[in-house]
Amino acid sequence: MAITVEFFVAPDDVTAAGMRPRYRDHGLPAVVFEGFFPDEAVLEWESLFTGEPLDRIAQGEPRMVVPIANDGFGVFEVGAGLRALLAGAGTLRLGGIAEGWAVLDSRADDEVSREEAVDILEAVGALAREAVRAGRGLYCWYFAP
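FYI, this note's numbering numbers position 4 of the sequence shown as 6, with every residue one higher than the one before it.
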């Protein structure tokens with residue numbers, strides 16, 4: 003299954019809700035990936051950062067801005083806590099989180115290698131820093147047909 007993922011910085015939920023796979027020239031800071039479920043990934047990242055169990059973190063997270071429906075499309079906001087953790091993490095910390103995430107993903111038979119995990123977390127971390135600096139939200143849309 004080809005899953006397309008875009009993390010992006012937006013000023014508000016209304017703007018974020020307007021994002022779509024066909025609207026990629028939106029001018030907002032963004033990074034695009036493929037091959038993983040980001041709504042699960044952000045929970046795993048937060049668990050790896052904090053040591054909290056996934057079931058505790060998953061209560062109400064991530065907050066869906068556009069709930070996923072039969073079309074396979076959804077938009078969510080990365081929680082403020084994880085956004086701050088990503089923004090404040092250095093390269094070594096992000097690398098450690100990426101390694102842990104790659105191990106979790108390999109158990110779930112997903113396709114994210116350690117190298118891809120590092121690239122993803124470094125790129126999303128840079129977006130999180132930009133979101134914090136600008137006082138904006140960090141969002142993600144994904145399409146899993």
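Note that beta-carbon positions come from the ideal geometry of N, C-alpha and C, so glycine has one too.
Contact check, residue i vs residue j, beta carbons under 8 Å
i           : j           : result
residue 125 : residue 16  : no
residue 63  : residue 81  : yes
residue 136 : residue 39  : no
residue 12  : residue 141 : yes
residue 66  : residue 75  : no
residue 6   : residue 31  : no
residue 85  : residue 130 : yes
Expected contact under 8 Å - CB spacing of residue i and residue j to nearest Å
i           : j           : result
residue 114 : residue 128 : Not quite, the Cβ-Cβ distance comes to about 18 Å (not below 8 Å), so this is no contact.
residue 106 : residue 46  : 5 Å
residue 18  : residue 139 : 7 Å
Range covered by the alpha helix (DSSP H) that runs through residue i
i           : result
residue 80  : Where residue 80 is concerned, there is no enclosing alpha helix (DSSP H), given that its DSSP letter is neither H nor E.
residue 146 : No alpha helix (DSSP H) contains residue 146, which DSSP labels as neither H nor E.
residue 91  : Run containing residue 91: none; DSSP gives neither H nor E here.
Range covered by the beta strand (DSSP E) that runs through residue i
i          : result
residue 7  : 6-12
residue 2  : The shown model of the chain, from 3 to 147, leaves out residue 2, and the question about it has no answer.
residue 1  : What the structure shows of the chain is the stretch from 3 to 147, and residue 1 is not part of that stretch, so it cannot be assessed.
residue 35 : 32-36
(request) Evaluate the contact criterion for the segment 37-56 versus the segment 93-104: three or more CB pairs, one atom per stretch, below 8 Å. (result) With a cut-off of 8 Å, the segment 93-104 and the segment 37-56 count as touching, because enough Cβ pairs lie within range.
(request) Go through the segment 44-69 residue by residue and report every complete run of the alpha helix (DSSP H) that reaches 4 residues or more, in order. (result) Runs of the alpha helix (DSSP H) inside the segment 44-69: 56-59.
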